[in-house]
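What follows is one structure encoded as structure tokens, with my remarks underneath.
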Amino acid sequence: MASCKRRQQVGEEAEAADDGPFSRCAELILPWLTPRELAAVAMTSASLRRASRSVALRRASDAARGLEPLPVPFLNAVESLPYAYFLYTPSSLVLSPPHDALLRQPWGSSRTPARPAAFPGRPSCEAVDMVGGVVLGCDCERCEGDDCACWGGGGGGGQGEEAEVVVSECGPGCGCGPECGNRASQRGVEVRLKIVRDEKKGWCLFADQAIEKGRFVCEYAGEFLTTKEARVRQKEYDELALSQGFSSALLVVREHLPSGKACLRINIDATKVGNVGRFINHSCDGGNLSTVLVRSTGALLPRLCFFASKDIREGEELSFSYGEIRLRSNGLQCYCGASNCFGILPSELT
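In terms of UniProt numbering, the sequence shown is numbered consecutively and its last residue is 350.
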């Protein structure tokens, strides 16, 4: 018996002695793993189990991985799933090969990234419009209303449903800085939000503070797809939804031009690569968010942004209308709870 205790003590001391370099190595590797890989590693030793748990707790504490001005935590009181796994981008981007399935992004490290982790793609704001080799933009030091060429709004637009307005902001070629008043949607998530698990709806995005009407909440960020790519993916997602109850986050945005004869279609897929906007659910009564297409001067592609359409209370779920209801035999059930709920979620005919 004494011999067994001595061996156990020696084993614990050896594990503790290895804990320094071992922990540093785990700190570098574990944040790159998927939840399934992390769970498999956790079963191999007590040290890795502790390290894996620390990674999971840090992931649950901030869906944004430190890439937004404020953390956005996950809260789950209905089951053991601590967080939803996806790759984070603060703004929509065009991915380059290799295919996004091969992408990795560290999440759950004790070190906060100084800037967003790089993907093999380009953010929409970096795809610029040029005239004579010069990037378009104002030369204001401080943009104020009509004195700035970039300032403006109006228009119509759309999104599988229709976006409610199109506005213009300063862009990558402008002389003003990030604090410019005409860059309201470009500073990231500056209101406190939280992601809460619901037994029926799954993950939902909630306000964790009062938000006044008209304030920018977040962008709907993801991968820009061609219409052909969007149709292929939607077919895959529909098949997964039928067989596995899979829920996608592919959004089709339509901007109707002033002539009314043409339509710009934008496909944003936040299923695998996205931001907190992917957790905003549908409401049949229109919800409490307005959808706005934001065009930054000099940028080729607009961004879909959410602004508060009314005063929002702390603890209130954020929602918007996904679009026109199309009655389909295989349509997903709606649990929005609105008095005028149709009972089925809108679906886009890609």
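Glycine included, C-beta positions come from ideal geometry on N, C-alpha and C.
Contact check, CYS336 vs CYS284, beta carbons under 8 Å: yes
Distance between PRO106 and ALA338 (C-alpha atoms, nearest Å): 39 Å
Residue environment, THR89, which counts as buried when at least 16 other CB atoms sit within 10 Å: Under this definition THR89 is a buried residue.
Residue of ILE266, ILE29, VAL55 minimising C-alpha distance to PRO302: ILE266
Reduced DSSP secondary structure (H/G/I, E/B, other) of LEU251: strand
Exposure of GLN234, with buried meaning 16 or more beta-carbon neighbours within 10 Å: GLN234 is buried by the Cβ-count criterion.
ARG295 in three-state terms, based on DSSP: strand
Alpha-carbon spacing of TYR237 relative to SER248, whole angstroms: 6 Å
Where ARG53 falls, given that 16 or more other Cβ within 10 Å makes a residue buried: Counting Cβ neighbours within 10 Å, ARG53 comes out exposed, since fewer than 16 surround it.
Same chain, Cβ closer than 7 Å to ALA149, five either side skipped, listed in chain order: CYS138
Beta-carbon proximity of VAL55 to ASP62, cut-off 8 Å: no
Best match in ILE344, LYS310, ALA308 for proximity to TYR322 [C-alpha to C-alpha]: ILE344
Status (buried if at least 16 other CB within 10 Å, exposed otherwise) for GLY315: exposed
Buried or exposed (CB count within 10 angstroms, at least 16 for buried), ASN275: The residue in question, ASN275, is buried, as its Cβ has 16 or more Cβ neighbours within 10 Å.
Three-way DSSP call (helix, strand, coil) for VAL41 in this model: helix
Inter-residue Cα distance where the pair is SER47 and ILE312: 44 Å
Beta-carbon proximity of SER308 to GLU199, cut-off 8 Å: According to the sequence shown, residue 308 is Ala rather than Ser. Not closer than 8 Å, so no.
Through-space distance from ASN76 to ALA64, alpha-carbon basis: 17 Å
Pair within 8 Å by beta-carbon distance, GLY277 and ALA207: No, Cβ-Cβ distance for GLY277 and ALA207 is not below 8 Å.
Where the alpha helix (DSSP H) containing SER168 begins and where it ends: Unbroken run through SER168 is the beta strand (DSSP E), 165-169; no alpha helix (DSSP H).
Residue range of the alpha helix (DSSP H) that includes ARG215: ARG215 -> no alpha helix (DSSP H), and no H or E assigned at all.
Nearest-angstrom Cα separation, counted from ASP147 out to ARG176: According to the sequence provided, residue 176 is Cys. The question's Arg does not apply to it. Those two C-alpha atoms are separated by around 13 Å.
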